[in-house]
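Here is the structure:
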């Protein structure tokens with residue numbers, strides 16, 4: 001149904017680049033829904049993602065962060081430090097200098113043996129489960145669609 005189609009679309013970033021089209025074509029074959037909204041969704045995923053620049057969004061080879069949350073968090077912090085929607089250039093320069101000083105202090109702490117705050121346990125577990133599934137796919141102990149469906153369940157898209 002539609003739920004499985006959405007799950008398979010959402011898991012495409014975790015599929016090996018050279019197999020993304022295979023997974024999506026099978027997802028389309030398994031879904032015969034001709035509802036106008038569903039057809040628009042299928043076309044969107046096909047044109048924008050599957051036929052687009054896979055290297056820009058595919059994370060199969062990536063064991064690190066798969067989101068832009070770190071950047072968004074930094075941007076939020078920077079906006080809080082600014083306290084104005086449109087700072088003048090001098091205020092902006094001061095904020096950048098303050099941020100640079102803070103980052104240099106963090107680098108000194110790390111060089112002196114300090115530790116980076118670890119990821120939350122639930123994200124470490126998610127990363128581990130995804131790595132395990134990737135290993136099983138590479139070893140051939142699961143098929144591509146089994147991998148795709150198992151990985152999509154890890155994303156908790158209900």
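Numbering (full-length UniProt numbering), first residue to last: 1 to 158.
Quick reminder that beta carbons are idealized off the backbone N, C-alpha and C, glycines included.
Treat the numbers as computed from the prediction; the structure is a model and nothing was measured.
Buried/exposed call for residue i, threshold 16 Cβ in 10 Å
| i | result |
| --- | --- |
| residue 74 | exposed |
| residue 44 | exposed |
| residue 23 | buried |
| residue 15 | buried |
| residue 8 | buried |
| residue 115 | exposed |
| residue 110 | exposed |
| residue 101 | exposed |
| residue 137 | buried |
| residue 27 | buried |
| residue 236 | Residue 236 is absent from the structure shown; the chain starts at 1 and stops at 158. |
7 Å Cβ cutoff met for residue i and residue j
| i | j | result |
| --- | --- | --- |
| residue 11 | residue 150 | no |
| residue 33 | residue 2 | yes |
| residue 21 | residue 50 | yes |
| residue 19 | residue 144 | yes |
Rounded Cβ spacing between residue i and residue j (contact assumed at less than 8 Å)
| i | j | result |
| --- | --- | --- |
| residue 4 | residue 35 | Actually they are not in contact, since the Cβ atoms of residue 4 and residue 35 sit about 14 Å apart, beyond 8 Å. |
Quick one: any contact between the segment 110–121 and the segment 130–148, if contact means 3 or more CB pairs under 8 Å?
With a cut-off of 8 Å, the segment 130–148 and the segment 110–121 do not count as touching, because too few Cβ pairs lie within range.
Assess contact between the segment 79–96 and the segment 45–58, defined as three or more Cβ pairs (one per stretch) separated by less than 8 Å. Is contact present?
The segment 79–96 makes no contact with the segment 45–58: fewer than 3 CB pairs, one atom from each, lie closer than 8 Å.
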